[in-house]
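Colleague: Before we start, here is the structure in question, set down as structure tokens.
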Amino acid sequence: YEKIEWDTIFLDEAQYFKNPQTILFRSLKKLKANQRFALTGTPIENNLVELWSIYHIVLPELFGKLDKFRFLSKEEIAKRLSVFLLRRKKDEIQLGLPQKHTHIVKIDLNQKEKHYYAAYLAKLKEETFTKLNKEVGPQQQKIIFLAALTKLRQICCHLQLIDKKEQEPSSKLKALLRIIHDAKQQNKKILV
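First residue of the sequence shown? That's 193 in the working numbering, and the numbers climb one at a time after it.
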């Protein structure tokens with residue numbers, strides 16, 4: 193696509209290129225267009241560099257190079273952005289929406305899921321402590337723990353997330369399908 197001269201490019205889900213180190217970011221920089229628009233509900237989650245990345249694709253001259261951007265105050269950044277951001281607050285868009293009802297359903301893992309969970313937990317404990325004993329820094333420790341927790345969450349969601357050969361629906365999926373079926377029978381609307 194970089195050989196095509198576009199009139200306008202609309203980039204939806206712009207949070208996907210908020211990391212300037214990614215191939216996607218570098219690929220988008222190569223596209224030629226007269227106008228660019230970016231749409232996202234979450235321009236920043238972790239730091240202001242994410243915001244810079246999105247604007248560097250859409251309007252690079254707004255902040256210039258990253259090393260220059262890092263020295264701008266938050267007030268200066270907000271001032272420059274004010275004409276480009278459309279921000280709606282919750283109370284401005286909730287007009288006429290029905291009251292939200294939250295229903296928490298506790299689901300027990302089936303025997304197979306419990307077995308996988310226990311086996312993975314033992315394996316992760318051993319691997320995690322082995323990695324932590326290799327004198328890694330605090331940031332590396334966080335990453336190791338988050339990776340271990342993610343694996344355990346995947347087992348609780350669906351075994352297919354860790355074993356592609358798994359065909360049986362998970363306990364969570366079965367419960368969800370029952371809830372959806374019951375809501376349909378009662379002509380109710382739900383948001384999952």
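C-beta: ideal position from N, C-alpha, C; glycine also.
#1: In whole angstroms, what is the alpha-carbon distance linking Lys326 and Glu319?
#2: Nearest CA to the CA of Leu203: which residue from Lys195, His373 and Val250?
#3: In this structure, does DSSP put Leu203 in helix, strand or coil?
#4: Would you kindly report the start and end of the unbroken alpha helix (DSSP H) that includes Lys315?
#5: Going by beta carbon distance, what residues of the same chain come within less than 8 angstroms of Val328, once the five residues before and after it are set aside?
#6: Should Phe372 go down as buried or exposed, given a rule of 16 or more other Cβ atoms within 10 Å for buried?
#7: Have a look at Leu351, Leu365, Lys306 and Gly256 and flag the residue whose alpha-carbon is nearest the alpha-carbon of Val297.
#8: Whose C-alpha, out of Arg228, Gln332, Ile382 and Tyr308, is nearest the C-alpha of Cys349?
#9: Could you work out which residue in His293, Trp198, Lys306 and Thr232 is closest to Val384 when comparing CA atoms only?
#10: Would you identify the three-state DSSP class for Arg228, choosing helix, strand or coil?
#11: Determine the extent of the alpha helix (DSSP H) in which Phe261 is found, giving its start and end residues.
#12: Less than 8 angstroms between the beta carbons of Ile347 and Glu284, yes or no?
#13: Using alpha carbons as the reference points, say which of His248, Asp300, Trp198 and Phe261 lies closest to Lys218.
#14: By the 10 Å Cβ neighbour count, where 16 or more other Cβ atoms means buried, how is Ala310 classified, buried or exposed?
#15: Which residues bound the alpha helix (DSSP H) around Gln377?
#16: Can you grab the Cα-Cα spacing for the pair Asn211 / Gln377, in whole Å?
#17: Among Ala225, Ala270, Asn226 and Arg228, which has the Cα closest to the Cα of Leu190?
#18: Look up Glu197 in the DSSP assignment and say whether it is helix, strand or coil.
#19: For a test of the three-state rule: what should DSSP assign to Leu252, helix, strand or coil?
#20: Does Ile215 pass the burial test, meaning 16 or more other C-beta atoms within 10 Å, or should it be called exposed?
Modeller: The answer reads as follows:
#1: On the sequence shown, residue 326 is found 134 positions in, with the first residue counted as 1. On the sequence shown, residue 319 is found 127 positions in, with the first residue counted as 1. Cα to Cα, the separation comes out at about 11 angstroms.
#2: Taking the first residue of the sequence shown as 1, we reach residue 203 at position 11. Checking every option, the nearest Cα to that of Leu203 belongs to Val250.
#3: Here residue 203 refers to the residue found at position 11 of the sequence shown. Leu203 falls in the strand class under three-state DSSP.
#4: Here residue 315 refers to the residue found at position 123 of the sequence shown. Per DSSP, Lys315 belongs to the alpha helix (DSSP H) from Gln303 to Leu324.
#5: Along the sequence shown, read from residue 1 onward, the residue named residue 328 stands at position 136. The beta carbon of Val328 sits closer than 8 angstroms to those of Ile336, all from its chain and outside the five residues before and after it, given in chain order.
#6: Translated into the one-based positions of the sequence shown, residue 372 becomes position 180. Looking at the sequence provided, one finds Ile at residue 372 rather than Phe. Exposed, since its Cβ has fewer than 16 Cβ neighbours within 10 Å.
#7: If you number the sequence shown from 1, residue 297 lands on position 105. Ranking Leu351, Leu365, Lys306 and Gly256 by Cα distance to Val297 puts Leu365 first.
#8: Numbered from its first residue, the sequence shown carries residue 349 at position 157. Ranking Arg228, Gln332, Ile382 and Tyr308 by Cα distance to Cys349 puts Tyr308 first.
#9: Stepping through the sequence shown from its first residue, residue 384 is reached at position 192. Minimum Cα distance to Val384 is reached at His293.
#10: Here residue 228 refers to the residue found at position 36 of the sequence shown. Strand.
#11: Translated into positions along the sequence shown, residue 261 becomes position 69. Per DSSP, Phe261 belongs to the alpha helix (DSSP H) from Leu258 to Phe261.
#12: Mapped onto the sequence shown, residue 347 falls at position 155. Mapped onto the sequence shown, residue 284 falls at position 92. Here Ile347 is not near Glu284, since their CB atoms are 8 angstroms or more apart.
#13: Reading the sequence shown from its first residue, position 26 is the one you call residue 218. A small correction: the amino acid at residue 218 is Arg; Lys does not occupy that position in the sequence shown. The shortest Cα separation from Arg218 among His248, Asp300, Trp198 and Phe261 belongs to His248.
#14: For this step, residue 310 is matched to residue 118 along the sequence shown. When all chains shown are included, Ala310 counts as exposed.
#15: Residue 377 sits at position 185 when you count from the first residue of the sequence shown. Annotation for Gln377: the continuous alpha helix (DSSP H) segment containing it runs Ser363 to Gln377.
#16: Numbered from 1 along the sequence shown, position 19 holds the residue referred to as residue 211. Numbered from 1 along the sequence shown, position 185 holds the residue referred to as residue 377. Whole-angstrom Cα-Cα distance: 45 angstroms.
#17: Beyond the ends of the chain as shown, which are 193 and 384, falls residue 190; an answer cannot be given.
#18: Working through the sequence shown from its first residue, we reach residue 197 at position 5. Glu197 falls in the strand class under three-state DSSP.
#19: Against the sequence shown, residue 252 aligns to sequence position 60. The question names Leu, but residue 252 in the sequence shown is Pro. Collapsing the DSSP output to three states places Pro252 in a helix.
#20: The sequence position of residue 215 within the sequence shown is 23, counting from 1. Ile215 comes out exposed.
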